[in-house]
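For the sequence shown, the numbering used here assigns the number -14 to the initial residue and increments by one for each residue that follows.
Using N, Cα and C, we set each Cβ at its ideal position, and we do this for glycine too.
A short worksheet on the structure shown next.
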Amino acid sequence: MELELFYTVLIIQALPSTAQQLAMTPASTVRDNTEVSTTADVSSILPNITAASTAMCNVTNIDVRGSNETMNDICNNITNEEEKPIKPISLIHSGSVSEATYNSFATVIDYIQFSCSVIALPTNLCNIIVFCQKRMKSPSSTILLALCASEILYVTVTLIDSTLNLIYGAEVQTKYIKQFFNIYSSMFVAVVLRRVGICYNCLVSAERFIAVTFPLQAKSMRLVKNPGVVCALILAVTLVAHVFSPLKFVIRSYLASDNTTAYRSEFSSLYTKERVHFLNASAASKFIFVYLMLSGCLIFNLLIVISLRRHSKGRQSIKTSQNSEEKQKREMQTTITIMASTIVFVILALPANTSSVVANFTDDYGFYAKEHFLFLFMNKIGSLCELASNFTDFFVFITLSTAFRETFLEVFIPCISRGEPGKKIRTSASREVTKSTEIPRSN
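Here you go:
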């Protein structure tokens, strides 16, 4: 009788550890950028283990009547352990950055992003109002106007995302509205708007290169004649090229530890079946709308510098009138302003796009990989830098462009732009204003 009791106790005590080992066994060792979870496999095994342990406890209570108290304690312990949810080991929690560290960092960044969004929204509105003025009308200002409009929409999406994070706090990722917003706004609309902004920066650099290098032929080129049509075409192409993005994810509900319904995003069955095509489309869109355009910004700016140096040497030997010289100075100032703005934009775009490049060539770095939270950590820093680039152009314009600065003062602070009574000068809009001294205008 004692021997039977001893073996029975050993078998019963081994059951919970067996269930835990099964739960800790990964379902697959192949990395698919997904969270490795074996909950579904364990759930099909645990009912059998539970039934077997219950049957053994019942049999033991019948056969070993003198040890009812001991056996009941053992069975109660097994029941309590079965009631506790077994948490499988997730691949994303084995990286160098823990989920708690990322959540603490993300909370701080959310406050900073919210502040940057509050700054970026009015500055871009000011840019749009200034570029809409008649005296600022030019092919460059039309492209910059489209750029500011895309940045306002991007900042609006970021502002909504930061607001959701601040409202729900640490539980934001379990809310349906957050997961829906991530898939269709953050991962689609925001990405499209950001990449459209990159294309517009490359476009305005190309326009400046054409205006500086080929001043006589520039007016007959489509980019200079109809910049608004070109900007609309770029927006449409970029939007269509990223339609595949929201199809990669679906929203699933699950039961949280506090018995409440929570939500998370997972890769869709369509993505699982056509994963190669999705990856090829993603790589192509990144190359065309990000890497190629950022490289184009740098190349066009370098060519502009070379062209300016070559033309400056030629102009030194040519005598020109005062009006022609002032026009050249205005073109030079406009070109330098746009060059500075695009270079700052490219520098601030490097962190996020560098992280994306590393994710493409590193198996352990990316969504649902081992370094999942490190990837999100770097994305937070990159998105903060990209958000900062949405208002730095305003300060570049108002610092380097005389025309932008004077137009801004005339629109928003007219009392300063009037100045003291003095001699009258004629502006580019052919109207007389009183100025103490004559200030050359620039585009």
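Out of R315, L106 and I273, point me to the one whose CA is closest to T223's CA. Residue mapping note: residue 223 aligns to position 238 of the sequence shown, counting from 1. Ranked by how close their Cα comes to the Cα of T223, the residues R315, L106 and I273 have I273 in first place.
Going by DSSP in three states, A337 sits in which element: helix, strand or coil? By 1-based counting over the sequence shown, the position of residue 337 is 352. In this structure, A337 counts as helix in the three-state DSSP scheme.
Answer yes or no: do L359 and Y350 have a C-beta to C-beta separation smaller than 8 Å? On the sequence shown, position 374 is the one that residue 359 refers to. On the sequence shown, position 365 is the one that residue 350 refers to. Judged by their CB atoms, L359 and Y350 are nearer to each other than the 8 Å cut-off.
Bridge partners for V235 per DSSP, in chain order? As a working note, residue 235 is residue 250 in the sequence shown. Paired residues: E251.
Are three or more beta carbon pairs between the segment 227 to 244 and the segment 147 to 166 nearer than 8 Å? Touching, per the Cβ criterion.
Does the Cβ-Cβ distance between M278 and C133 come in under 8 Å? Within the sequence shown, residue 278 is the residue found at index 293, counting from 1. Within the sequence shown, residue 133 is the residue found at index 148, counting from 1. No, Cβ-Cβ distance for M278 and C133 is not below 8 Å.
Coil, strand or helix - T245 by DSSP: Walking along the sequence shown from the start, residue 245 turns up at place 260. Looking at T245 - three-state DSSP - the assignment turns out to be coil, as it is neither helix nor strand.
Between which residues of its own chain and A91 is the CB-CB distance below 7 Å, once the five residues before and five after are set aside? Against the sequence shown, residue 91 aligns to sequence position 106. Closer than 7 Å at the Cβ level, and outside the excluded window around A91, lie K365.
Span of the alpha helix (DSSP H) holding R179? For the purposes of this step, residue 179 is taken as the residue at position 194 of the sequence shown. Looking at the DSSP string, the run of the alpha helix (DSSP H) that includes R179 is A175 to T198.
Exposed unless 16 or more other CB atoms sit within 10 angstroms - verdict on G182: On the sequence shown, residue 182 is found 197 positions in, with the first residue counted as 1. Buried.
Using a Cβ-Cβ cut-off of 6 Å (strictly less than) and excluding sequence neighbours within five positions of N61, which residues of its own chain qualify? Stepping through the sequence shown from its first residue, residue 61 is reached at position 76. Because N61 carries a pLDDT of 42, less than 50, the predicted location of this residue cannot be relied on, and no value is offered for it.
Between which residues of its own chain and T148 is the CB-CB distance below 8 Å, once the five residues before and five after are set aside? On the sequence shown, residue 148 is found 163 positions in, with the first residue counted as 1. Within the same chain, T148 has close Cβ partners F99.
Within 8 Å, strictly: CB atoms of C187 and C282: Taking the sequence shown and counting its residues from 1, one reaches residue 187 at position 202. Taking the sequence shown and counting its residues from 1, one reaches residue 282 at position 297. Yes, the pair counts as a contact, with Cβ atoms nearer than the cut-off.
Alpha carbon of S83 to alpha carbon of I284, nearest angstrom: Position 98 of the sequence shown, counting from 1, holds the residue named residue 83. Position 299 of the sequence shown, counting from 1, holds the residue named residue 284. In this structure, the straight-line span from the alpha carbon of S83 to that of I284 is close to 40 Å.
Sorted by chain position, which residues of the same chain lie with C-beta nearer than 8 Å to D95's C-beta, five sequence neighbours on each side aside? Working through the sequence shown from its first residue, we reach residue 95 at position 110. Excluding its 5 nearest sequence neighbours in each direction, D95 has C-beta neighbours in its own chain below 8 Å: S147, N150 and L151, listed in chain order.
Which residue's Cα is closest to the Cα of I291: T320, N265 and K314? Counting from 1 along the sequence shown, the entry for residue 291 is found at position 306. Proximity to I291 across T320, N265 and K314 peaks at T320, based on C-alpha coordinates.
Start and end of the alpha helix (DSSP H) containing N88? The count along the sequence shown starts at 1 and reaches residue 88 at position 103. Note, N88: alpha helix (DSSP H), E84 to F116.
On a Cα-Cα basis, can you pick out the residue from S250, N265 and S102 that is closest to A226? Here the question's residue 226 lines up with position 241 in the sequence shown. Nearest of S250, N265 and S102 to A226, Cα basis: N265.
Hey, out of L220, A268, N167 and F194, whose CA is closest to F346's CA? On the sequence shown, position 361 is the one that residue 346 refers to. Cα-wise, what sits closest to F346 is A268.
DSSP beta-bridge partners of L240: For the purposes of this step, residue 240 is taken as the residue at position 255 of the sequence shown. DSSP, once it has assigned bridges, lists T246 as partnering L240.
So what does DSSP say about D349, is it helix, strand or coil? Locating residue 349 in the sequence shown gives position 364, where the first residue counts as 1. DSSP places D349 in coil when its eight states are reduced to three.
Buried or exposed: where does P212 fall if 16 or more other Cβ atoms within 10 Å of its Cβ makes it buried? Counting from 1 along the sequence shown, the entry for residue 212 is found at position 227. Counting other Cβ atoms within 10 Å of its Cβ, P212 reaches 16 or more and is therefore classed as buried.
Span of the alpha helix (DSSP H), counted from its first residue to its last, around G367: By one-based count along the sequence shown, residue 367 stands at place 382. Per DSSP, the continuous alpha helix (DSSP H) segment holding G367 begins and ends at H357 to L385.
Buried/exposed call for G154, threshold 16 Cβ in 10 Å: Taking the first residue of the sequence shown as 1, we reach residue 154 at position 169. Burial call: exposed.
I need the straight-line Cα distance from F173 to P231, nearest angstrom please. Position 188 of the sequence shown, counted from the first residue, corresponds to residue 173. Position 246 of the sequence shown, counted from the first residue, corresponds to residue 231. Between F173 and P231, the C-alpha separation is close to 6 Å.
What residue range does the alpha helix (DSSP H) around R260 cover? To locate residue 260, count along the sequence shown from 1; it is residue 275. Looking at the DSSP string, the run of the alpha helix (DSSP H) that includes R260 is R260 to K271.
Measuring CB atoms only, is the segment 368 to 385 touching the segment 100 to 119, in the sense that at least three cross pairs come out at less than 8 Å? Yes, the segment 368 to 385 touches the segment 100 to 119.
Should A217 go down as buried or exposed, given a rule of 16 or more other Cβ atoms within 10 Å for buried? The sequence position of residue 217 within the sequence shown is 232, counting from 1. Counting Cβ neighbours within 10 Å, A217 comes out exposed, since fewer than 16 surround it.
Which term fits E156, buried or exposed, when burial requires 16 or more other beta carbons within 10 angstroms of its beta carbon? For the purposes of this step, residue 156 is taken as the residue at position 171 of the sequence shown. Exposed is the call here.
Is the segment 108 to 122 close to the segment 391 to 399, with three or more CB pairs under 8 Å? The segment 108 to 122 vs the segment 391 to 399: in contact.
Hey, would you say L208 sits closer than 8 Å to V215, going by beta carbons? Locating residue 208 in the sequence shown gives position 223, where the first residue counts as 1. Locating residue 215 in the sequence shown gives position 230, where the first residue counts as 1. Cβ atoms of L208 and V215: closer than 8 Å.
Which class does A354 belong to by DSSP, given the choice of helix, strand or coil? Taking the first residue of the sequence shown as position 1, residue 354 is located at position 369. Of the three classes helix, strand and coil, the one that applies to A354 here is coil, per DSSP.
Return the CA-CA distance between I383 and S171, expressed in angstroms with no decimal places. The count along the sequence shown starts at 1 and reaches residue 383 at position 398. The count along the sequence shown starts at 1 and reaches residue 171 at position 186. Answer to the nearest angstrom: the Cα atoms are 31 Å apart.
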